[in-house]
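Enquirer: Here's a structure for you.
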Amino acid sequence: MKVKIVRCSSVPNNFLQSLSTSAAASSSPSISMAAPRSLVAETSIRLVDRDEENVESPTRKRFKADKFPLSRWEFAAALGVFLVFSTGLCCIYLTMPAAEYEMLKLPRTLADLRLLKDHLANYAQVYPAKFTLGYCSTYIFMQTFMIPGTIFMSLLAGALFGVVRGLFLVVFNATAGASSCYFLSKMIGRPIVNWLWPEKLRYFQAEIAKRRDKLLNYMLFLRVTPTLPNLFINLASPIVDIPFHIFFLATLVGLIPAAYITVRAGLALGELKSIKDLYDFKTLAVLFLIGSILLIPTVLKRKRIYE
């Protein structure tokens, strides 16, 4: 460490020359006890400032932890993918027949959903193929980029398409969107998940490590039950090395029970008072019962291993 000497008018020049000579000859900085107090204090402040640059203080660590997790290249890649998807979605909408576009918006409440359903009911009957294409592309776009509101899209499917066709569309779109989110997370998701859910990610990674032999059963359990949010599962799965074929199959099959409940509720959209009414105690109990049945092979295999 070198000591930078600042000239002061109150210090004689011969003293500064002798101090510079002694500092250069010595391996560590030293200051004569005969130096004036003002020079000693100023030099000490400079030494402290230099040392603080190399010390990771809690404030500095907190500042680094709060920084946006993506690098410039990662952010550019995510933005590029988003622009590609957005351009494709806009092209699909521009090729559709004219409509009152001011009425077309993503619903955020049940009231918005009822107005949208009334507006689109006739449109879906007149142009079924083009309407289905627009519906599917919107659903997949929302699922890929984690835009809230897919539950309203599932309710809309039940209201406009019925149970059978609506269930097929919801499961297909949710699986396709989750798969797109999986590959997007594989490219840039690790810093985001570590930034948003560090503890939950460590828990998920430990649980996956314990269930490698029956990973499909565990992933089905997670998809059927609301143990972990689907958004987190989509983002974290490639980070904890869940193979895509297991992720895809668990998503395709595991989303059927919850999708059926939501689509069926869309038939009685006018009677639905709150989104919370979809998952009451009875519904959650049934979902956890189905998930527990899916975990039976894992429990039996672990029991045979310990025996």
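Numbering (the working numbering), first residue to last: 3 to 309. Using N, Cα and C, we set each Cβ at its ideal position, and we do this for glycine too. Quick caveat: nothing in here was measured; it's all calculated off a predicted structure.
#1: Can you tell which of M221, A261, L237, A79 has its C-alpha closest to the C-alpha of S294?
#2: Do G136 and M189 count as a contact pair if the criterion is CB distance below 9 Å?
#3: Please name the residue in E273, N232, A267 whose C-alpha comes closest to that of T250.
#4: Are I153 and I244 close, meaning C-beta to C-beta below 9 Å?
#5: Taking only three categories from DSSP, how would you classify K107?
#6: Rounded to whole angstroms, what's the CA-CA distance from I241 to P130? Just pull it up for me.
#7: So for R390, helix, strand or coil by DSSP?
#8: If you scan the segment 118 to 167 from start to end, which runs of the alpha helix (DSSP H) of 4 or more residues do you find wholly inside it?
#9: Tell me the rounded alpha-carbon separation between T134 and R167.
#10: Count the other C-beta atoms from every protein chain shown that fall within 10 angstroms of the C-beta of K119, then say buried if there are 16 or more, exposed otherwise.
#11: Would you tell me roughly how many angstroms separate the C-alpha atoms of R74 and L106, rounded to the nearest one?
#12: Cα-Cα, which of S88, R116, L237, S187 is closest to Y141?
#13: Count the C-beta pairs between the segment 175 to 184 and the segment 277 to 289 that are closer than 8 Å, then say yes if the count reaches three, no if not.
#14: Looking only at C-alpha atoms, which of F77, A80, L169 sits nearest to V255?
#15: Using a 10 Å radius around the Cβ and a threshold of 16 neighbouring Cβ atoms, would you call N236 buried or exposed?
#16: Would you identify the three-state DSSP class for P259, choosing helix, strand or coil?
#17: Quick one: using the 10 Å Cβ neighbour count with 16 as the cut-off for buried, is G268 buried or exposed?
Expert: Answer, in terms of the structure:
#1: M221
#2: no
#3: Note on identity: in this sequence residue 250 is Phe, with Thr being the wrong assignment. With distances taken between Cα atoms, F250 lies closest to N232.
#4: no
#5: coil
#6: 39 Å
#7: Past the boundaries of the shown model lies residue 390; the chain is included only from 3 to 309, so the question cannot be answered.
#8: 130 to 146, 152 to 163
#9: 11 Å
#10: buried
#11: 34 Å
#12: S88
#13: no
#14: L169
#15: buried
#16: helix
#17: buried
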